[in-house]
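Below: the structure, in structure tokens.
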Amino acid sequence: MVPKWPSWPKTDHWLTAGSETRIRSPRKGLKIVSRKFENHVSVVTGGSTGIGFSIARGLIAEGARRVYITGRSAHTLNEAAALLGGAAVPVVSDASSLSDLEKLKGEIEERGDMLDSVFANAGICEKNEFGNTAEADFDRTFDINVKGVFFTVQTLVPLVKDGASLVLTASICANNGMEGLSLYNASKSAVRSFARTWANELRGRKIRVNALSPGFTLTPLMKNGLNMGEAEIQALRDFTAREVPLGYMAEPAEIAAAGLFLASQDASYINGIELTVDGGLEQI
Numbered sequence: 001m002v003p004k005w006p007s008w009p010k011t012d013h014w015l016t017a018g019s020e021t022r023i024r025s026p027r028k029g030l031k032i033v034s035r036k037f038e039n040h041v042s043v044v045t046g047g048s049t050g051i052g053f054s055i056a057r058g059l060i061a062e063g064a065r066r067v068y069i070t071g072r073s074a075h076t077l078n079e080a081a082a083l084l085g086g087a088a089v090p091v092v093s094d095a096s097s098l099s100d101l102e103k104l105k106g107e108i109e110e111r112g113d114m115l116d117s118v119f120a121n122a123g124i125c126e127k128n129e130f131g132n133t134a135e136a137d138f139d140r141t142f143d144i145n146v147k148g149v150f151f152t153v154q155t156l157v158p159l160v161k162d163g164a165s166l167v168l169t170a171s172i173c174a175n176n177g178m179e180g181l182s183l184y185n186a187s188k189s190a191v192r193s194f195a196r197t198w199a200n201e202l203r204g205r206k207i208r209v210n211a212l213s214p215g216f217t218l219t220p221l222m223k224n225g226l227n228m229g230e231a232e233i234q235a236l237r238d239f240t241a242r243e244v245p246l247g248y249m250a251e252p253a254e255i256a257a258a259g260l261f262l263a264s265q266d267a268s269y270i271n272g273i274e275l276t277v278d279g280g281l282e283q284i
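What follows is the structure, given as structure tokens:
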């Protein structure tokens with residue numbers, strides 16, 4: 001029997017108690033995890049919504065001292081920071097703007113912080129029909145998804161501690177030919193390649209670099225980037241119920257948990273990989 005799409009709350013709940021964090025998952029109930037990011041300092045680009053917000057929330061719930069979250073909308077960032085609490089530092093920053101990235105670096109330096117992890121998560125996904133794609137569409141996708149990831153890491157790596165972790169958000173679309181997404185698919189292939197190359201190039205500093213590849217995930221990107229209406233989102237839910245072995249579309253917290261694993265010492269010997277988090281879709 002295919003599970004029905006549940007009526008989940010808009011956000012997951014992270015409840016801190018003493019030295020432990022209780023995660024209230026709408027699907028699983030309460031879980032207890034250790035504060036594995038105690039005094040951790042991190043940057044999460046695209047950290048105001050979706051997967052990035054859930055990553056920031058998880059870091060803070062597990063003890064992070066400071067998490068810089070970036071995005072292009074000051075209003076959305078400030079709302080996210082209010083939800084995350086005092087450990088969150090909102091920084092208006094466009095990942096494709098080198099001057100914005102330098103401002104982000106300067107903000108981190110002003111606080112005297114060095115980074116334990118960077119989540120290069122900011123990205124866009126737009127439908128681009130092959131044969132009817134404008135140069136501006138190409139430039140926008142590659143500026144944010146490829147140039148943005150490259151220069152985010154290059155700008156911040158002088159502030160990254162030796163032995164730290166970089167997590168790059170790619171996509172299962174890097175490995176398939178999903179129709180109408182040729183620019184997005186190619187851009188995420190580049191991100192996957194960055195993880196391989198940087199794992200090698202940063203070996204002298206023992207910095208681990210891994211790619212996180214989500215499958216179908218219910219995020220604001222569906223409405224804001226893909227311009228999907230409710231009927232289209234429901235059709236995608238129906239597709240995932242049929243085709244994904246686990247039978248449902250991921251919630252952002254489920255993808256974030258995998259990213260947090262890659263950044264943690266639990267993944268201390270994992271380097272250069274692509275961690276696919278898609279409910280088993282790519283395996284069948």
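So for the sequence shown, UniProt numbering puts the first residue at 1; every next one is plus one.
Heads up, the beta-carbon is just placed ideally off N, CA and C, and yes, glycines get one too.
A quick note: this is a predicted structure, and the numbers were derived from the prediction, not measured.
Whose CA, out of 161, 195, 146, 105, lies closest to the CA of residue 125?
-> 146
Helix, strand or coil: which one does DSSP assign to residue 158?
-> helix
Would you kindly work out how many angstroms separate the C-alpha atoms of residue 25 and residue 253, rounded to a whole number?
-> For residue 25, the predicted model reports a pLDDT of 49, less than 50, meaning its position is unreliable; a value from the coordinates is still stated below. One C-alpha to the other measures close to 9 Å.
Report the residue from 198, 85, 159, 249 whose alpha carbon sits nearest the alpha carbon of residue 273.
-> Between residue 273 and the set 198, 85, 159, 249, the nearest pair of CA atoms involves 198.
How long is the line joining the alpha carbons of residue 173 and residue 209, rounded to whole angstroms?
-> 20 Å
State yes or no: is the C-beta of residue 115 within less than 7 Å of the C-beta of residue 168?
-> no
Reference residue 65; option with closest CA among 102, 80, 139, 42 | 42
Quick one, are the C-beta atoms of residue 232 and residue 180 less than 7 Å apart?
-> In this structure, residue 180 does not lie closer than 7 Å to residue 232 by Cβ.
Comparing alpha-carbon positions, which option in 83, 100, 193 lies nearest residue 91?
-> 100
If we count Cβ pairs, one from each stretch, closer than 8 Å, do we get three or more for the stretch 235–254 versus the stretch 131–151?
-> no
In terms of residues, what are the limits of the beta strand (DSSP E) holding residue 275?
-> 274–277
With a 10 Å radius around its C-beta and 16 neighbouring C-beta atoms as the bar for buried, classify residue 266 as buried or exposed.
-> exposed
Take the Cβ of residue 220 as the centre, count every other Cβ of all protein chains shown within 10 Å, and call the residue buried at 16 or more, exposed below.
-> exposed
How big is the Cα-Cα spacing for residue 263 and residue 59?
-> 10 Å
Measure from the alpha carbon of residue 132 to the alpha carbon of each residue in 182, 234, 61, then state which is nearest.
-> Of the listed residues, the one whose Cα sits closest to residue 132 is 182.
Reduced DSSP secondary structure (H/G/I, E/B, other) of residue 73 | coil
Which one or two residues does DSSP pair with residue 185 in a beta bridge?
-> Answer by DSSP bridge pairing: none, since residue 185 is not bridged.
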